[in-house]
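Just below is one structure, and these are the notes that go with it.
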Amino acid sequence: MSVDVEVAASLARSELSGLPHELLDRVLGRSVDFHVRAGGALVTTGRTDVFCYLLVSGLIRSYLISSAGRQVTLRYSRPGSLLGVATLFASGTAPAGLQAVTDARVLSLNPETLRALARSDVRVSHALLTELSDRAITYMNAIGDAVFSSLHDRVLSHLCDIATFGQRDSELSARISQQELADQVGTVREVVVRILRELRSAGLVRTERDRIVLLDSAREHAQGSGTDRRIGLDWNRSS
0 MSVDVEVAAS
10 LARSELSGLP
20 HELLDRVLGR
30 SVDFHVRAGG
40 ALVTTGRTDV
50 FCYLLVSGLI
60 RSYLISSAGR
70 QVTLRYSRPG
80 SLLGVATLFA
90 SGTAPAGLQA
100 VTDARVLSLN
110 PETLRALARS
120 DVRVSHALLT
130 ELSDRAITYM
140 NAIGDAVFSS
150 LHDRVLSHLC
160 DIATFGQRDS
170 ELSARISQQE
180 LADQVGTVRE
190 VVVRILRELR
200 SAGLVRTERD
210 RIVLLDSARE
220 HAQGSGTDRR
230 IGLDWNRSS
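Just so we're aligned: the sequence shown equals residues 0 to 238 in numbering that gives the first Met the number 0.
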């Protein structure tokens, strides 16, 4: 396939970046390029087929959902992330779903091509193993965060992880509804409303009609509490 600037940038951020061009061309062979709108499902929970996606642009969340409909976010993925690598080598259903938090562009890599190359070329298998190792550690951190962190810290960490700097100002803000935030931290809307009120009183956030602004003290609080180390926060500046 032809690689445009956006795909090239995501590949440079991915674990595939160390592959030589001729091998990378084989990895990308028979791949399919598509877009997912914000809020759309990329993968539903319980999916049984094999898949592997390269996130080209946008933000994707991995989540679990209970039989009662409660959700909890495990991880946010950004451009360069490889999604679904575990399904290439594991049997059974994929317990986690994937949902676009923002409009996203995704490259669907051919599973049979990837599995064949992983068997025949140690450079490909090493890249996939590195991705799987990173995911395993991230999910272990997510379990620790869910068990040991307070709901206040979890709400703040999710806000930090999805927040971006505005194009017209330097404020860090998250455009998310209270119900969406409740889904992502695994609680109910009423609890999120109370926590946001308390975070606002503590001078950590400012709530507006269509966004939640994180003040400088929120970033300092997240870094001081170790939230940034557990979930791997970064501060994204929109282009």
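For every residue, glycine included, the Cβ atom is placed at its ideal position computed from N, Cα and C.
Treat the numbers as computed from the prediction; the structure is a model and nothing was measured.
Check	Outcome
Under the three-state DSSP convention, the category PHE147 falls into	helix
Contact between the stretch 27-45 and the stretch 151-162 (3+ Cβ pairs under 8 Å)	no
Candidates SER61, ALA93, LEU127 and VAL192, of which the one nearest ARG74 by Cα	SER61
Selection from ALA117, THR129 and GLU111 that minimises the alpha carbon distance to SER80	THR129
Proximity below 8 Å, CB of ALA126 to CB of GLU14	yes
Three or more C-beta pairs below 8 Å linking the stretch 102-120 and the stretch 46-56	yes
Nearest residue (CA-CA) to ARG205, options SER172, GLY17, THR186 and ILE142	SER172
Sequence-distant residues of the same chain with beta carbon closer than 8 Å to LEU10, five excluded per side	VAL2, SER16, LEU23, LEU53 and GLY79
8 Å contact criterion, which GLN70 and GLN183 should meet: CB distance rounded	7 Å
Of the listed residues GLU179, ASP120, PRO19 and SER65, nearest to ALA37 (C-alpha basis)	GLU179
Beta-carbon separation (whole angstroms), PRO110 vs PHE50, contact threshold 8 Å	7 Å
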